[in-house]
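Residue numbers (this note's numbering): 336 to 603. Beta carbons are placed, not taken as given, at the ideal position from N, Cα and C, and that holds for glycine. Inspection log for the structure reproduced underneath, given as structure tokens.
Pasting the structure below:
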């Protein structure tokens, strides 16, 4: 099973949109997918039509629930563990519990019934994000193609570097940087995309273009593939899904961090 966290230190970069549409796209290709919402905003539940289970991510992490109790079935090959604002209380609920960053890994230890686990992380480095990264093998970083986005990308990668130093054997690889809100008409958008592709050659995916249908789909509580299968957004995420399926896990963490150090030298 490939375990992929979708993470960025900034909100509003298309993180949940990316997690939802990657998961939905993989399921449409016959892959069995578990989509997990670790964000207290519970955005995935607002993006997809689902029957909310009696127990959710909070109960899985803090109340001893088993995975099967927290799942809602979204379709033949897509399951969801939703969340809500109860996750704001997760640290209080866990208290001084030892190894609280490893709870998700322990809960998932015996579950290999999926081809993919896609984890939508909050835009911070709290307990839920640390649980996700320790459990995951890979991180996808969606980032908007603007000047602020590039700065956030560097901070996100540096934060993951520090995390990898702290956890030792539980290192996670940044295997995709996903440029979002790309507008080829804007010079700054083109320049930032070119910079990303130059600085992080080999792990930058095809860009997700700014597209009104991607904004509309969550209001209809469905993926872009169900809402507007002929749209640019469906095309872009469809290509990303095929890239995920057809390519190996990308570069090892050390390669990415070496590139970060090179960029830091160039910018110093």
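Collapsing the DSSP output to three states places residue 417 in coil. Secondary structure at residue 515: strand, using DSSP grouped into helix, strand and coil. Per DSSP, the beta bridge partners of residue 477 are 513. Contact between residue 391 and residue 456 is absent: CB atoms are separated by about 16 Å, not below the 8 Å threshold. Counting along the chain, residue 409 sits inside no alpha helix (DSSP H); it lies in the beta strand (DSSP E) bounded by residues 407-410. The Cβ-Cβ distance between residue 383 and residue 558 falls below 9 Å.
Residues of the same chain with a CB within less than 6 Å of the CB of residue 377, apart from the 5 flanking positions on each side, are 418, 419 in chain order.
In terms of Cβ geometry, residue 571 and residue 541 form a close pair [threshold 9 Å].
Taken atom to atom, the span from the alpha-carbon of residue 353 to that of residue 494 is near 21 Å. Rounded to the nearest angstrom, the gap between the Cα atoms of residue 562 and residue 361 is 16 Å.
For residue 408 and residue 415, the gap between their C-alpha atoms comes out near 6 Å. Here the alpha carbon of residue 481 sits roughly 36 Å from the alpha carbon of residue 396. Rounded to the nearest whole angstrom, the CA to CA distance from residue 421 to residue 464 is 15 Å.
Excluding residues up to 5 positions away in sequence, 404 lie with their Cβ nearer than 8 Å to the Cβ of residue 389 in the same chain.
Under the three-state reduction of DSSP output, residue 489 falls in the helix class. In this structure, residue 509 and residue 543 do not form a Cβ contact; the two beta carbons are roughly 17 Å apart against a cut-off of 8 Å. For residue 549, the enclosing alpha helix (DSSP H) stretches over residues 547-551.
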